[in-house]
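*Asks:*
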Amino acid sequence: MFDLRQHIKAFSLVLLSTILQTSCKVGPNFHSPPPPKVKRFTETPLPAKTVSTSGPGGQAQAFITNEDIPLLWWELYQSPEINQLIRAGLAHSPNLVSASAALRQAQENLKEQIGNSMWPSIDVTNSMTTQRYSGAQIGIPNESVTFTIYYTSFNLSYTLDVFGGARRQIEALAAQVDYQQFQVIAAYLTLTANIVTTSVAVASYQEQIDATRDLIKAEQGVLNLLNKQYRLGGVSQANVLTQQTLLEQSKATLPPLQKNLSQAKHALAALVGTFPDAPLPVIRLDRLKLPIEIPVSLPSNLVRQRPDVRASEASLHQACAQVGVATANLFPQFTLTANEGWLGTTFSGLYSAKNNVWAVTNQVLQPLFRGGALLAQRRAAIAAYHQAAAQYRQTVLQAFQNVADVLRGLEVDARTLQAQINAENSARASLNLTLKQYRLGGVNYINLLNAQQQYQQARINRIQAQAARYNDTAALFQALGGGWWHKPWCVKECL
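Under numbering that gives the first Met the number 0, the first residue of the sequence shown is numbered 0, with each subsequent residue one higher.
1) Once DSSP output is grouped into helix, strand and coil, what is the label at GLU170?
2) Using a threshold of 8 Å, state whether the C-beta atoms of ALA474 and VAL395 are closer than that.
3) Is the segment 373–390 in contact with the segment 418–426, if contact means three or more CB pairs nearer than 8 Å?
4) What does a CB cutoff of less than 8 Å around VAL123 pick up in its chain, not counting 5 residues either side in sequence?
5) Alpha carbon to alpha carbon, how far is ALA101 from ARG131? Give it in angstroms, no decimals.
6) What residue range is occupied by the uninterrupted alpha helix (DSSP H) comprising GLN130?
7) Determine the direct distance from the alpha carbon of LEU214 to that of ALA251, and round the result to whole angstroms.
8) Identify, in the order they occur along the chain, each residue of the same chain with its Cβ nearer than 6 Å to the Cβ of TYR149, setting aside the five sequence neighbours on each side.
9) Report yes if the CB atom of PHE29 is closer than 8 Å to the CB atom of ALA457, and no otherwise.
10) Do you know how far the Cα of PHE162 is from the Cα of MET117?
11) Tell me whether the segment 183–190 and the segment 232–248 touch, counting them as touching only if at least three CB pairs, one residue from each stretch, are closer than 8 Å.
12) Taking buried to mean at least 16 other C-beta atoms within 10 Å of its own C-beta, is GLY441 buried or exposed?
13) Which runs of the beta strand (DSSP E) at least 3 residues long sit entirely within the segment 238–312? Give them in chain order.
14) What is the DSSP secondary structure of ALA61, counted as helix, strand or coil?
15) Would you mind sorting PRO290 into buried or exposed? The rule is 16 or more other CB atoms within 10 Å of its CB.
16) Hey, how far is the Cα of GLY57 from the Cα of ALA87?
17) Taking the continuous alpha helix (DSSP H) assigned at LEU430, which residues delimit it?
18) What does the Cβ neighbour count give for ARG369, buried or exposed, with the cut at 16 atoms within 10 Å?
19) Per DSSP, what kind of secondary structure is LEU342 in: helix, strand or coil?
20) CA-CA distance, SER198 and ILE81?
21) As a quick exercise: from LEU447, THR472 and VAL302, pick the residue whose alpha carbon is nearest that of GLU218.
22) Which residues bound the beta strand (DSSP E) around SER156?
23) Taking the Cβ atom as the reference point for each residue, do GLY323 and GLY26 lie within a distance shorter than 8 Å?
24) Alpha carbon to alpha carbon, how far is HIS91 from THR273? Give it in angstroms, no decimals.
25) Is DSSP giving PHE29 helix, strand or coil here?
26) Just tell me which of THR49, GLN83 and LEU479 has its CA closest to the CA of PRO280.
27) Are LEU75 and SER203 close, meaning C-beta to C-beta below 8 Å?
28) Please state the DSSP three-state secondary structure of PHE333.
29) How would you write the range of the beta strand (DSSP E) that LEU364 sits in, first residue to last?
30) Find the nearest neighbour of ASN470 within the set LYS435, SER143 and ASP412, judged by alpha-carbon distance.
31) Just to confirm, are LEU70 and GLY482 a CB contact at a threshold of 8 Å?
32) How about ALA61 and PHE476: do their beta carbons lie closer than 8 Å?
33) Helix or strand or just coil, what does DSSP make of LYS227?
34) Looking only at its own chain, which residues have a Cβ that is under 7 Å from the Cβ of VAL201, when we skip the five neighbours before and after it?
Now the structure itself:
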């Protein structure tokens with residue numbers, strides 16, 4: 000017996016198999032941009048190591064080419080306080096939570112697209128309809144007819160991805176997942192680097208405050224000495240007033256430093272996910288260890304290590320896939336639909352063979368006229384791809400600039416600290432000698448005043464130069480990618 004349903008089903012399967020075997024993906028295939036052909040980061044070769052000097056933070060730093068960056072690079076500072084703050088930040092930072100949530104959202108969007116486009120949709124319909132008709136409609140006046148219709152059906156629908164539009168959309172969403180992954184890594188890297196640099200800032204401001212207080216104490220001692228000499232007629236009142244002015248000027252520098260210290264502590268509290276009133280560990284600048292071996296990646300590796308560059312590459316990939324989506328929209332869409340069910344007037348006999356109903360439909364939708372909208376959509380996608388390509392190149396250029404700036408900064412920082420320590424030592428020796436000579440009457444007050452001012456400025460400059468070396472070292476680890484590739488999802492696991 001000829002079974003129409005079986006022949007239609009067989010025909011549909013053959014059609015489906017043929018189309019899938021001959022299907023393609025229109026649009027460009029994405030290829031990662033090659034790394035820049037750059038031999039070194041800076042315009043001139045770096046020295047093998049920086050200069051060294053005495054005191055905390057004065058060690059020479061050696062630049063080791065093609066050395067890998069450790070995952071927990073901040074432990075090189077050998078500061079339990081910084082390690083504690085970073086553990087707290089990784090556990091409680093809202094920025095990390097937000098970035099992780101955005102990643103999960105992108106992953107679920109990808110799963111949704113795969114489910115919608117790569118698998119058929121299968122639904123079941125159940126209905127019961129009760130109707131009443133007037134007998135006059137069928138020539139029987141003064142009579143009415145009431146009956147119930149029961150209906151159950153299984154519905155299947157599948158749109159064939161003949162030209163790859165759905166697969167290109169999946170490719171675009173997969174690239175979006177990559178983008179969000181690198182955004183999480185970038186948030187992790189930024190958080191750890193900011194905790195280190197802000198901790199150094201807190202220690203620097205505290206030491207500058209201590210230095211200023213020491214200076215105020217010394218200037219108060221000089222003022223007391225001048226007052227005694229004034230009462231004995233040894234100095235004029237003008238000298239006393241000048242010293243009083245200098246003392247008040249030094250006191251006036253203290254509140255801004257205290258303000259900066261408070262703001263740095265507040266920023267540090269926010270970084271670790273707490274409120275400003277939360278206690279923070281005490282960090283001393285002279286207790287930090289300066290990393291003395293500085294790994295410097297090869298320039299060709301930088302584009303694979305920087306999360307911002309990788310995120311920009313993912314955006315470029317997404318834009319490339321969207322060109323394929325827009326191109327596929329120009330071509331026909333093939334949709335297969337089928338349903339089978341049972342329709343009857345009694346529920347008890349609904350599933351009998353005589354109540355079985357079914358239908359199979361093959362549909363082709365070919366865009367004929369959309370007023371140029373589809374072509375404009377494709378041109379817009381191509382323009383977006385060119386925009387993403389330019390943004391990628393700009394990101395790469397900025398990454399190389401960042402590394403070059405920090406490398407030169409480390410070299411200059413070492414020379415600056417060396418000069419500032421020498422200047423502070425000279426200023427301290429000069430002040431001590433001048434103070435002794437002044438007490439013996441060998442020099443006048445102006446000499447003492449100049450020596451005080453020079454020592455104050457030299458000490459502050461030395462503290463700032465020390466902090467710059469610690470900060471720029473952290474900035475280099477961040478600029479080179481921070482070693483995340485050793486364990487990409489270490490945000491919650493590695494500490």
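All C-beta atoms, glycine included, are put in the ideal place defined by N, C-alpha and C.
*Replies:* Here's the rundown:
1) Walking along the sequence shown from the start, residue 170 turns up at place 171. Helix, per DSSP.
2) Walking along the sequence shown from the start, residue 474 turns up at place 475. Walking along the sequence shown from the start, residue 395 turns up at place 396. Not a contact, by the Cβ cut-off of 8 Å.
3) no
4) The residue you call residue 123 lines up with position 124 of the sequence shown. Closer than 8 Å at the Cβ level, and outside the excluded window around VAL123, lie THR151, SER152, PHE153 and ASN154.
5) Along the sequence shown, one-based indexing puts residue 131 at 132. Along the sequence shown, one-based indexing puts residue 101 at 102. So the two alpha carbons sit approximately 55 Å from each other.
6) Against the sequence shown, residue 130 aligns to sequence position 131. From DSSP, GLN130 is part of no alpha helix (DSSP H) but of the beta strand (DSSP E) over 120–133.
7) Locating residue 251 in the sequence shown gives position 252, counting from the first residue. Locating residue 214 in the sequence shown gives position 215, counting from the first residue. The straight-line gap from Cα to Cα measures roughly 12 Å.
8) Translated into the one-based positions of the sequence shown, residue 149 becomes position 150. Hits under 6 Å: MET127, GLY343, PHE346 and LEU349.
9) Your numbering for residue 29 matches position 30 in the sequence shown. Your numbering for residue 457 matches position 458 in the sequence shown. Not a contact, by the Cβ cut-off of 8 Å.
10) Counted from its first residue, the sequence shown places residue 117 at position 118. Counted from its first residue, the sequence shown places residue 162 at position 163. The alpha-carbon atoms of MET117 and PHE162 are separated by roughly 13 Å.
11) no
12) Counting from 1 along the sequence shown, the entry for residue 441 is found at position 442. The residue in question, GLY441, is exposed, as its Cβ has fewer than 16 Cβ neighbours within 10 Å.
13) 292–295
14) Sequence index remark: in the sequence shown, residue 61 carries index 62 (1-based). It is a strand residue.
15) Residue 290 sits at position 291 when you count from the first residue of the sequence shown. Flag for PRO290 reads buried.
16) Indexing the sequence shown from 1 puts residue 57 at position 58. Indexing the sequence shown from 1 puts residue 87 at position 88. Distance between the alpha carbons of GLY57 and ALA87 is about 30 Å.
17) Residue 430 sits at position 431 when you count from the first residue of the sequence shown. Here the alpha helix (DSSP H) through LEU430 covers 372–438.
18) Position 370 of the sequence shown, counted from the start, is the residue given in the question as residue 369. By the 10 Å Cβ count, ARG369 comes out exposed.
19) Reading the sequence shown from its first residue, position 343 is the one you call residue 342. Collapsing the DSSP output to three states places LEU342 in a strand.
20) In the sequence shown, counting from the first residue as 1, residue 198 sits at position 199. In the sequence shown, counting from the first residue as 1, residue 81 sits at position 82. So the alpha carbons of these two residues sit roughly 7 Å apart.
21) On the sequence shown, residue 218 is found 219 positions in, with the first residue counted as 1. Among LEU447, THR472 and VAL302, the Cα nearest to that of GLU218 is on LEU447.
22) On the sequence shown, residue 156 is found 157 positions in, with the first residue counted as 1. Its beta strand (DSSP E) spans residues 143–159.
23) Taking the sequence shown and counting its residues from 1, the one referred to as residue 323 is at position 324. Taking the sequence shown and counting its residues from 1, the one referred to as residue 26 is at position 27. Yes, these two residues count as a Cβ contact at 8 Å.
24) If you number the sequence shown from 1, residue 273 lands on position 274. If you number the sequence shown from 1, residue 91 lands on position 92. If I take the Cα positions, the gap works out to 8 Å.
25) Working through the sequence shown from its first residue, we reach residue 29 at position 30. The answer is coil: DSSP assigns PHE29 none of H, G, I, E or B.
26) Here the question's residue 280 lines up with position 281 in the sequence shown. When each option's Cα is compared against that of PRO280, the closest is GLN83.
27) Stepping through the sequence shown from its first residue, residue 75 is reached at position 76. Stepping through the sequence shown from its first residue, residue 203 is reached at position 204. Taking 8 Å as the Cβ cut-off, LEU75 and SER203 do not qualify as a contacting pair.
28) Residue mapping note: residue 333 aligns to position 334 of the sequence shown, counting from 1. Note: PHE333 maps to strand in three-state DSSP.
29) Counted from its first residue, the sequence shown places residue 364 at position 365. Looking at the DSSP string, the run of the beta strand (DSSP E) that includes LEU364 is 355–364.
30) Residue 470 sits at position 471 when you count from the first residue of the sequence shown. Among LYS435, SER143 and ASP412, the Cα nearest to that of ASN470 belongs to ASP412.
31) Your numbering for residue 70 matches position 71 in the sequence shown. Your numbering for residue 482 matches position 483 in the sequence shown. Yes. Within cutoff.
32) Here the question's residue 61 lines up with position 62 in the sequence shown. Here the question's residue 476 lines up with position 477 in the sequence shown. The answer is no: Cβ separation not under 8 Å.
33) Counting from 1 along the sequence shown, the entry for residue 227 is found at position 228. Reduced to three states, the DSSP call for LYS227 is helix.
34) On the sequence shown, position 202 is the one that residue 201 refers to. Excluding sequence neighbours, VAL201 sits near LEU260, ALA263, LYS264, LEU267 and ILE282.
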